[in-house]
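As numbered in full-length UniProt numbering, the first sequence has no gaps in its residue numbers, which increase by one up to the final residue, 734.
Glycine is no exception: its CB is placed at the ideal position from the N, C-alpha and C atoms.
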Amino acid sequence: MTQLSLPVEDLVSFHNLPEKARDKKKKLKSEPKPEGKAKKKDKGKAAVQDGETQRQRGKENNMPVAEEREIKSDKRKEKKKKDSKKKKEKNSSEHYEIQQQDPQTSSVIVKLEPDEDGDFAPAKKQSKGKKRARQGEAGELSKSKKVKLEEDADGVETETKPQKKKKIKKEEGNKKPKKEEGAIKAKKKTQEEKEAAAALKLKKKEEEEQMRWRWWEEEKYEDGIKWKFLEHEGPVFAPPYEPLPDSVKFYYDGKPLPLSLQAEEVASFFAKMLDHEYTTKEIFRNNYFMDWRKKIKEENEKLLQEYGYCSMDHHRERIGNFKIEPPALFRGRGDHPKQGMLKKRILPEDIIINCSKDSKIPEPPPGHKWKEVRHDNTVTWLASWTENVQGSVKYIMLNANSKLKGEKDWEKYEVARKLKHHVVTIRKTYRENFKSKEMKVRQRAVALYFIDKLALRAGNEKEEGETADTVGCCSLRVEHIKLYPELDGDKYVVEFDFLGKDSIRYYNKVPVEKQVFKNLQLFMENKQEGDDLFDRLSTPLLNKHLQSLMEGLTAKVFRTYNASITLQQQLQELTDPEESMPSKILSYNRANRAVAILCNHQRAPPKTFDQSMANLKSKIDAKKEQILLAKKELKEAKKEAKEKESEKLNKVVESKKRGVQRAEEQLMRMEVQATDREENKQIALSTSKLNYLDPRISVAWCKKWTVGLEKIYNKTYRDKFAWAVDMTETDFIF
DNA sequence: TACTCAACTTAGAAACCACGTC
DNA sequence: GACGTGGTTTCTAAGTTGAGTA
Numbered sequence: 001m002t003q004l005s006l007p008v009e010d011l012v013s014f015h016n017l018p019e020k021a022r023d024k025k026k027k028l029k030s031e032p033k034p035e036g037k038a039k040k041k042d043k044g045k046a047a048v049q050d051g052e053t054q055r056q057r058g059k060e061n062n063m064p065v066a067e068e069r070e071i072k073s074d075k076r077k078e079k080k081k082k083d084s085k086k087k088k089e090k091n092s093s094e095h096y097e098i099q100q101q102d103p104q105t106s107s108v109i110v111k112l113e114p115d116e117d118g119d120f121a122p123a124k125k126q127s128k129g130k131k132r133a134r135q136g137e138a139g140e141l142s143k144s145k146k147v148k149l150e151e152d153a154d155g156v157e158t159e160t161k162p163q164k165k166k167k168i169k170k171e172e173g174n175k176k177p178k179k180e181e182g183a184i185k186a187k188k189k190t191q192e193e194k195e196a197a198a199a200l201k202l203k204k205k206e207e208e209e210q211m212r213w214r215w216w217e218e219e220k221y222e223d224g225i226k227w228k229f230l231e232h233e234g235p236v237f238a239p240p241y242e243p244l245p246d247s248v249k250f251y252y253d254g255k256p257l258p259l260s261l262q263a264e265e266v267a268s269f270f271a272k273m274l275d276h277e278y279t280t281k282e283i284f285r286n287n288y289f290m291d292w293r294k295k296i297k298e299e300n301e302k303l304l305q306e307y308g309y310c311s312m313d314h315h316r317e318r319i320g321n322f323k324i325e326p327p328a329l330f331r332g333r334g335d336h337p338k339q340g341m342l343k344k345r346i347l348p349e350d351i352i353i354n355c356s357k358d359s360k361i362p363e364p365p366p367g368h369k370w371k372e373v374r375h376d377n378t379v380t381w382l383a384s385w386t387e388n389v390q391g392s393v394k395y396i397m398l399n400a401n402s403k404l405k406g407e408k409d410w411e412k413y414e415v416a417r418k419l420k421h422h423v424v425t426i427r428k429t430y431r432e433n434f435k436s437k438e439m440k441v442r443q444r445a446v447a448l449y450f451i452d453k454l455a456l457r458a459g460n461e462k463e464e465g466e467t468a469d470t471v472g473c474c475s476l477r478v479e480h481i482k483l484y485p486e487l488d489g490d491k492y493v494v495e496f497d498f499l500g501k502d503s504i505r506y507y508n509k510v511p512v513e514k515q516v517f518k519n520l521q522l523f524m525e526n527k528q529e530g531d532d533l534f535d536r537l538s539t540p541l542l543n544k545h546l547q548s549l550m551e552g553l554t555a556k557v558f559r560t561y562n563a564s565i566t567l568q569q570q571l572q573e574l575t576d577p578e579e580s581m582p583s584k585i586l587s588y589n590r591a592n593r594a595v596a597i598l599c600n601h602q603r604a605p606p607k608t609f610d611q612s613m614a615n616l617k618s619k620i621d622a623k624k625e626q627i628l629l630a631k632k633e634l635k636e637a638k639k640e641a642k643e644k645e646s647e648k649l650n651k652v653v654e655s656k657k658r659g660v661q662r663a664e665e666q667l668m669r670m671e672v673q674a675t676d677r678e679e680n681k682q683i684a685l686s687t688s689k690l691n692y693l694d695p696r697i698s699v700a701w702c703k704k705w706t707v708g709l710e711k712i713y714n715k716t717y718r719d720k721f722a723w724a725v726d727m728t729e730t731d732f733i734f
């Protein structure tokens, strides 16, 4: 039930591909893949390929496997004919399976019919095979017609040998003598019946004649009047959808997929039309899928309503990730040594459920059981499992707007605010420690200096060969820094160049204090490129020290503190009370950007960046031209109004003035947008906004300058920071 | 002190979707 | 109505931290 959206979307995206791309995709699909290694999406594609190959084979042989099978199983066919009644009820005894197929030529929903044992085997040739079988049935109908046709159609219709045989047999049968007496009686009875029927027909005709509204003998109503009295019972509606029995399942990619009644009904519409030419047309198929996806959306909404919430202390709380990660290929970032490994399918037997003892324990899917049900109220997760690639535990937890997450978030910012009162002493202490006799202390001091000044991450040690080679402060190696006693006019410059979290490059040239520079030289003495810069330091050691300086202080608190304090300072510096609203928002974004740069939050430039920038610039040019023209027209209008002293012309002048003003405002907005976009090209603002900036700073700023909160926080952010929105006034200081 | 592991936060990419413009 | 664009949401990888253990 959780795999609904992905494959279907893939289907749609496949449909939307240009022809060449589709062909390419198909070609790729045709390459054999080891079973189970294909990602879920790929599996869907594999299914398509399967269908296609089989269809091709059918074309080549002029006889699909299914057809072959049907010819071989004449007995079954005959039985089927006899069971025409059962056939009518076939709607309730079929399975449907969606397969990706050539959108040009074949159907999408494929019928699965029971085999002799009543089991539902995937129909290998499915649409095509089935289609032919049906054509066969229809063919028999037309055969009988053909016989009749031949009798009065001048031999245009021809008969096959077996048909002729049948006909002859029938005629021979008619020639056989009957009992005369019986024949006369029957004849007499038929004659009487015929007369009675004729009389009835005549009576009915007379009645109809009498009832006929001889409107042509009446006067015409005046124009526009269609009638003077109208009464009826209203229309008849289509009967409500009768759901398929529970035993009948909808299959996607070979797996049963539960559908809502609505979605099931819509799927059945397509299934009913499989034999029709419509289903071979791309427009028809695309439109169908677009509308069907709407039903999928409803289905997702239903899933969300059912599984997306939990009850925590009798409050309905949204769950962040209620869907188990589907099997796929592991996408480790950067040069991850395990990228491409198979992430296995997670079953209920892998899942530990956590809930309270007195709650209703969730039911595992039929035929399965949970790995464990636990009642641990000291943790926040609702379910967990161990993934197979890295052996780490994964959790289902609450959404960011929940009490549990909000409370922790608030605490985090309070700890960071507390650091404000200690930071002067801490800085003084680590500066003193630059000269400590203990190497360990000196290293700790320099590392802390970097963490504080550059907002570097702590940098845990990592197991070699298990993850990508990335580092943080404590795990920096000699090869990651270069020392310049003087560079571009600055003294004591350190050049950092390393891969940080997510393999994002950190590159920075920073002038540092003389003592730091000297210490770095010392730390690097007699070391190789690959040696640890801080060989006497680890993150637990550093954090232990920080705990002694302030309760709750860890390395990452410095990042939060420096990010938030930077935002506050930048907002103070950049906000001009006189400037327009777009300019104020630009100032906010610039302050946010300063933090993102500090934290090295980068993003890949959007693929369409250059094009969209060029579009915006051409719009700006067009607007400038428009303003020039409007100004010229205004000047002329002014001149004319002055010469003729006309009130009407004065109004024209006013309207033109407003036009110029409006265009200038539009231009300003566009230019601000262009600047903002250019400056944001490779910077991700969202990470710091979501994780490092005390929301109370932003809320207070918005209130102070009457900027709508929605201008800087979208719904997700407003939801997450509801606590801050509610409690913050304009005078808040971080 | 070193190590491991559970629990949680932080992170960027991709998918999705709404909206404005033509 | 089609299309492009950019904001929003989802997904899940990759960090940090602290507790337990030897």
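What would DSSP say about residue i, mapped onto helix, strand or coil?
i	result
ASN650	helix
TYR713	coil
GLN602	strand
SER538	coil
ILE353	strand
MET312	strand
VAL410	First, the amino acid is wrong: residue 410 is Trp here, not Val. It is helical.
TYR507	strand
VAL393	strand
residue 735	Past the boundaries of the shown model lies residue 735; the chain is included only from 1 to 734, so the question cannot be answered.
GLU317	strand
ARG658	helix
ASP335	coil
Just how far apart, CA to CA, sit residue i and residue j?
i	j	result
VAL368	ILE351	The displayed chain sequence assigns His, not Val, to residue 368. Distance between the alpha carbons of HIS368 and ILE351: 11 Å.
VAL8	LYS297	The predicted position of VAL8 is uncertain, since its pLDDT is 26 and thus under 50; no value can be drawn from it.
VAL373	SER402	23 Å
ASP541	VAL441	According to the sequence as given, residue 541 is Leu; it is not Asp. Cα to Cα, LEU541 sits roughly 10 Å from VAL441.
VAL494	GLU679	26 Å
GLN515	LEU342	50 Å
VAL512	ARG333	32 Å
TRP227	ALA196	40 Å
GLU710	LEU537	45 Å
residue 823	LYS556	Because the chain in this structure spans residues 1 to 734, residue 823 falls outside the shown range and cannot be described.
GLU265	LYS194	47 Å
LYS527	THR470	20 Å
Quick one: what's got a C-beta closer than 7 Å to residue i's C-beta in the same chain, skipping five residues either side?
i	result
CYS310	GLU317, ILE319, LEU382
MET439	ARG536
TRP723	GLY406, TRP410
GLN682	GLN602, ARG603, PRO605
Below 6 Å CB to CB, which residues in the same chain sit around residue i once its five sequence neighbours on both sides are set aside?
i	result
ASP488	none
VAL510	VAL494
THR539	ALA458, ASN460, CYS474
ASN562	ALA455
If you compare alpha carbons, which of the options is closest to residue i?
i	options	result
VAL652	GLU640, ALA663, TYR430	GLU640
SER392	LEU456, ASP409, GLU466	GLU466
GLN569	GLN682, SER587, LYS556	SER587
GLU573	ILE426, LEU616, ARG590	ARG590
SER548	PRO606, CYS599, LEU419	LEU419
SER564	PHE229, LEU693, GLY340	LEU693
VAL389	PRO337, LEU690, ARG457	PRO337
ARG345	ALA328, ILE353, GLU654	ALA328
VAL672	LYS648, LEU628, ILE620, GLU625	ILE620
LYS408	LYS544, THR380, LEU629	THR380
LEU347	LEU456, GLY340, TRP370	TRP370
PHE496	VAL424, LEU483, SER503, ASP502	LEU483
ILE353	GLU479, SER384, GLN339	SER384
GLY472	ILE697, LYS204, GLU464, LEU499	LEU499
Closer than 8 Å by C-beta to residue i: which residues in its own chain qualify, once you throw out the five before and the five after it? Chain order, please.
i	result
VAL707	MET581, LYS584, ILE585, TYR588, TRP701
SER356	HIS375, ASN377
Fill in: Complete runs of the beta strand (DSSP E) confined to the stretch 440-496 [at least 3 residues]
Runs of the beta strand (DSSP E) inside the stretch 440-496: 481-487.
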